[in-house]
Amino acid sequence: MMFDRFSNRVTLNGTLTAQTAIRIGAGRTAEITGTDLPVVRDTFGRPYIPGSSFKGALRSLIESLARSVKDSPKAACNPTNEKTWCLPSAEGKTDQEIEQGICLVCHVFGSPWWASKVSIRDLCVEESLWAGQFENRNGVAIDRETETAADQKLYNFEVVPAGTQFNCEIVVENAEDWELGLLMLGLRPFERGEAALGGARSRGLGLVELKWDSRKQIKGGEALLDYLVGDTAGEPISDEMVKGWVKEFRKELNKITISDGGQADA
């Protein structure tokens, strides 16, 4: 069983900064005054990024990266289409058979038959730097036949200003080295400021940059006892450790052969 015992935990804490205005929509508002399309807010009216939104964007990015290197459903299946799942059904299968049948991405992020090893907390705004301001922008629907602005289709939408910072925490439990390598590779575009979150990205919104304040690993056994009694805060994760994890992920990718539907290695 995947979680029948504790083997390790990786905790990543950092700051996600909006390089451009960002929009995580909350649907249409029912208020008479205010914007047509507000952003999501917490109980106190502050913007936040749902952990599920960040996790979905991260998984989608990792799936595209895995397919570009190894075009095989064993590398990354299509979870949005039941016909292209790596494992359409788990009926009558043991945990070991399920583990062997799912793709590499489902190993880490989960499937209907396999629990995710990655948890991403809601990204709350950094209160000390939040000025309490939102921006409203105008939009207009386009008539596809005339390719001009549709009559009486002007609307406005709300965004969170550029420069807004959010606290980010990612927790990974009981992951193998290659699984951590897959995750770290997927986070690289966010670390480099090349990835985007939210809606209206074609308008230039959503570009973000992620910087880590702390990266730690807690292992099982005696190390776990030391952590629980407060003798250690966990082992810092070095760049060399990350390189080793990525190397293990490369090895795992190379196990996928042509018979699995993948491309032959060069």
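1373 is the number that my numbering gives the last residue of the sequence shown; the numbers go up by one with no jumps. Where a beta carbon is used, it is the ideal one built from N, C-alpha and C, also for glycine.
Task: C-beta atoms of residue 1124 and residue 1272 nearer than 8 Å - done: yes
- [ ] Mind checking which residues open and close the alpha helix (DSSP H) that includes residue 1120?
- [x] Residue 1120 -> not in any alpha helix (DSSP H); beta strand (DSSP E) instead, spanning 1115 to 1125.
Open item on the list: Measuring straight from C-alpha to C-alpha, what distance separates residue 1212 and residue 1113?
Closed with: When only Cα atoms are considered, residue 1212 and residue 1113 end up about 21 Å apart.
Open item on the list: Taking 7 Å as the limit between beta carbons, can you name the residues of its chain near residue 1210, skipping five residues before and five after?
Closed with: 1180, 1181, 1182, 1183, 1184, 1193
Open item on the list: So, under 8 Å CB-CB, residue 1275 and residue 1121 are touching, yes? Tell me the CB distance rounded to an integer number of Å.
Closed with: 5 Å
TODO: Measure the C-alpha to C-alpha separation of residue 1154 and residue 1208 and round it to an integer number of angstroms.
DONE: 40 Å
Open item on the list: Between the segment 1279 to 1292 and the segment 1346 to 1353, can you find at least three pairs of beta-carbon atoms closer than 8 Å?
Closed with: yes
Open item on the list: Need the endpoints of the beta strand (DSSP E) that residue 1322 sits in, please.
Closed with: 1314 to 1326
Task: Contact under 8 Å by Cβ, residue 1334 with residue 1344 - done: no
Task: One or two residues paired with residue 1132 in a DSSP bridge - done: 1146
Open item on the list: Quick check: the Cα distance between residue 1269 and residue 1149, rounded to an integer number of angstroms?
Closed with: Straight-line Cα distance between these residues: approximately 19 Å.
Task: Element boundaries [alpha helix (DSSP H), containing residue 1159] - done: 1158 to 1176
Open item on the list: For a quick check, are the C-beta atoms of residue 1280 and residue 1323 less than 8 Å apart?
Closed with: no
TODO: Tell me whether residue 1336 is buried or exposed, calling it buried when 16 or more other Cβ atoms sit within 10 Å of its Cβ.
DONE: Here residue 1336 is exposed: its Cβ has fewer than 16 other Cβ atoms, across all protein chains shown, within 10 Å.
Task: Residues that residue 1230 bridges to, as DSSP identifies them - done: 1156
Open item on the list: If you reduce the DSSP assignment to three classes, tell me which class residue 1281 lands in.
Closed with: coil
Task: Among 1327, 1332, 1363, the one whose alpha carbon lies nearest that of residue 1111 - done: 1327
Open item on the list: Out of 1263, 1206, 1277, 1332, which one is the CA nearest neighbour of residue 1118?
Closed with: That would be 1277, whose Cα lies nearest to the Cα of residue 1118.
- [ ] Return the Cβ separation of residue 1302 and residue 1315 in integer angstroms, given the expectation that the two are a contact with Cβ distance under 8 Å.
- [x] Taking a contact as a CB-CB distance under 8 Å, the pair residue 1302 and residue 1315 counts as one, their CB atoms being some 6 Å apart.
Task: residue 1165 beta carbon less than 8 Å from that of residue 1300 - done: no
TODO: Within 10 angstroms of the Cβ of residue 1235, are there 16 or more other Cβ atoms? Answer buried if so, exposed if not.
DONE: exposed
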